[in-house]
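Residue numbers (my numbering): 200 to 614. Here a beta-carbon is modelled for each residue, glycine too, at the ideal position from N, C-alpha and C. Input: a single structure, listed below in structure tokens.
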Amino acid sequence: MRIFENYESEVRGYIRSFPTIFEKAKNSILVDEQGVEYIDFFAGAGTLNYGHNNEHITNALLEYLKKDGVVHGLDMATTAKKEFIHSFQENILKPRNLEYKLQFTGPTGTNAVETALKLARLVKGRSNIISFTNGYHGLTQGSLSITGNNEYRDESYISRCNAAFMPYDGYFENIDTIEYLRKFLADGSSGVDTPAAIIVETVQGEGGINVASKEWLQRLEAICREFDILLIIDDIQVGNGRTGEFFSFEFAGINPDIVTLSKSIGGGLPMAMLLFKPELDQWKPGEHTGTFRGNNLAFVAAKTAIENYWTNDDLSKAVFYKEKILKKHLESIVQKYKQYNISIRGRGLVYGFEVLNDSSVASEISAKCFNNGLIVETAGSEGQVIKFLPPLIIDEKTLKNGLEIFEKSVEEVFL
Ligand code: PMP
């Protein structure tokens, strides 16, 4: 018996998708209480780019704790925080010629998004925010109001006020969505108030792995400049190397005004932060504060991750190499089951697999995968897309084994 009696009625969570109790984890493998091993292609919804219990991170944390490093999380100045900031500036921002101030916003992604919205409104003195169809930015008041999925919003009675949705890249087959947006902004009678900011994911994670092109992002940035709108890139899920480069927007050569980071930035520990151009710092002292905004263990983990993976381009190269393996294998499945009209898309190590002829099979495939020892989640407005999000450090053999399990599970559903 895998499921803990009454577990489902006692707690809320992913238990319905993955009905077992996990006890241990290392790198890309999860182990449950029965000793059953699972290859993890979900990676804590993108929090585990460096894997479960990454040995560098675990060792750094143990060492820090042994020497009585400050653990308390209030946003005070500490050695761990100072060292993380220094490392982030030197290894991440400077080599990319990016100049940003850092703000620690709380333990989880939505805290960074709320801060970004509040700052943008403060700086521009406008309330409207534009976000995109199928975008996902979190489930608290502000972030929920700009999350493009009615299902998340309807029963929480969050209105869409101060939020306008525009079509994401590829939403329409034959409409230039950037021109569409430009027209709305330029036309005073369209009803779209000039927003304080436009917030966008370069690859929509929860929304079903929809990938924005380089040109689309560049033209979006140009619109922001033309209408004096701040550009916020939500890099919570696809930042931190997920697409192969540290920031998911690097490939497009754009320079967002604000960037939100969370999930893997803390090396697996809770951390969320905002990057913003220095001239946007219009906060009054104490204007946006809170208790758990400086988790020192997360700073230690984050600095260790940066120093082990971002002082050279080895991890980037490895991600692009493993992307080829992943893509090739998925393409072979697409070929094998042509009659199902399967779409695959992604960048780096975030990929989606959608059976266009039958949106309901994704959850069946995910359930089969679980029974066969692979954790994969579904995404998209109807859960119609299988999402591949393995740890970036996954070894080639485990990646291939996971893909074999995936293929076998697809076969079980299709045959
Ligand atoms: N933005 C994006 C792009 C996300 O993927 C998520 C979480 N899936 C969030 C914001 C919200 O983060 P959290 O769930 O940690 O609040």
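Do Leu-343 and Gly-334 have their C-beta atoms closer together than 8 angstroms? Gly-334 is positioned such that its CB atom lies no closer than 8 angstroms to that of Leu-343.
Any residues whose CB sits closer than 6 angstroms to a heavy atom of the ligand PMP? List them in chain order? If you measure from each CB to the nearest heavy atom of the ligand PMP, the residues under 6 angstroms come out as Ala-244, Thr-307, Gly-308, Thr-309, Val-312, Tyr-335, His-336, Gly-337, Glu-400, Gly-404, Glu-405, Asp-433, Ile-435, Gln-436 and Ser-461.
Inspect the CB distances between the region 270-277 and the region 494-502 and report whether three or more fall short of 8 angstroms. Between the region 270-277 and the region 494-502, the count of Cβ pairs shorter than 8 angstroms is three or higher; the stretches touch.
Residue burial classification, His-251 (beta-carbon count within 10 angstroms, cutoff 16): Buried, because 16 or more other Cβ atoms sit within 10 Å of the Cβ of His-251.
Does the distance from the CB of Ala-500 to the CB of Leu-473 come in under 8 angstroms? The Cβ atoms of Ala-500 and Leu-473 do not sit closer than 8 angstroms to each other.
Compute the distance between the beta-carbons of Ala-301 and Ile-284, then report whether it is under 8 angstroms. Here residue 301 is Leu; the residue named in the question, Ala, does not match the sequence. Taking 8 angstroms as the Cβ cut-off, Leu-301 and Ile-284 qualify as a contacting pair.
Ignoring anything shorter than 4 residues, give me the alpha helix (DSSP H) runs that lie fully in the region 205-258, in order along the chain. Runs found: 206-209 and 242-245.
Option nearest Gly-545 by Cα separation, candidates Leu-525, Val-575, Val-554 and Asp-557: Nearest option by C-alpha distance: Leu-525.
Quick one: residues in its chain with C-beta nearer than 7 angstroms to the C-beta of Glu-611, no 5 flanking neighbours on either side, listed in chain order? Excluding sequence neighbours, Glu-611 sits near Lys-567.
What's the C-alpha gap between Met-200 and Thr-401? The pLDDT assigned to Met-200 is 44, lower than 50, so where the model puts this residue is not dependable, and the model offers no usable value.
Might you give, ordered along the chain, the residues of its own chain that have their beta carbon closer than 8 angstroms to the beta carbon of Lys-317, omitting 5 neighbours on each side? Gly-341 and His-487.
Please report the straight-line C-alpha distance between Ile-432 and Glu-420, rounded to a whole angstrom. So the alpha carbons of these two residues sit roughly 10 angstroms apart.
To the nearest angstrom, how far is the alpha carbon of Phe-613 from that of Leu-573? If I take the Cα positions, the gap works out to 18 angstroms.
Can Leu-479 and Val-322 be called in contact, C-beta distance under 8 angstroms? Result yes, Cβ atoms of Leu-479 and Val-322 sit closer than 8 angstroms.
What are the boundary residues of the beta strand (DSSP E) that Thr-304 is part of? Taken as a continuous stretch (DSSP letters only), the beta strand (DSSP E) holding Thr-304 covers 300-305.
Could you tell me which whole beta strand (DSSP E) segments of length 3 or greater appear in the region 530-597? Within the region 530-597, the complete beta strand (DSSP E) runs of at least 3 residues are 541-546, 549-554, 576-578 and 584-587.
Span of the beta strand (DSSP E) around Val-458: Note, Val-458: beta strand (DSSP E), 457-460.
In whole angstroms, give me the CA-to-CA distance for Gln-417 and Glu-222. Using only the alpha carbons, I get a separation of about 45 angstroms.
Do Ile-408 and Tyr-550 have their C-beta atoms within less than 8 angstroms of each other? In this structure, Tyr-550 lies closer than 8 angstroms to Ile-408 by Cβ.
Mark Tyr-249 as exposed unless 16 or more other C-beta atoms lie within 10 angstroms of its C-beta, in which case mark it buried. Around the beta-carbon of Tyr-249, 16 or more other beta-carbon atoms lie within 10 Å, marking it buried.
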